[in-house]
Amino acid sequence: NNTLAMAGMVAALTNESATSKSVYFAHCTSEMIFITHLLTEEPEKLAGPLLADTYVTLLKGRNAWYGQMLAKGELSRDMGDSIKGKGMIQ
């Protein structure tokens, strides 16, 4: 959940700047590919799905919204993972 919420935090802290999000995404995917290659016996099989999942995680969905609300101070972590009107943050 922390990684997913971080996407929304980045969006809020960069004022929805497409350039800033692109730079963040590029750095994040590079790090994830590096970690995947270190930890996986056959990293080639994970690169495509990993990148697709990363894109969705960082740029879309309620988890990014949750991160934005955390960064703006409109929600707090002690409110839990189930948000009225949004459901369970996964």
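Convert by adding 1332 to the 1-based position in the sequence shown; the result is the number in this note's numbering. Glycine included, each C-beta is placed from N, C-alpha and C at the ideal position.
Own chain residues within Cβ distance below 8 Å of residue i, not counting five before or after
i, result
"M1341", "G1399, Q1400, L1402 and A1403"
"S1352", "V1342 and T1346"
"S1408", "L1402"
Residue i versus the options, residue with shortest Cα-Cα distance
i, options, result
"K1418", "N1395, A1358 and I1367", "N1395"
Ignoring anything shorter than 4 residues or poking outside the segment 1340-1371, list the alpha helix (DSSP H) runs there in chain order.
Entirely contained in the segment 1340-1371, the alpha helix (DSSP H) runs reaching 4 residues are, in chain order, 1350-1371.
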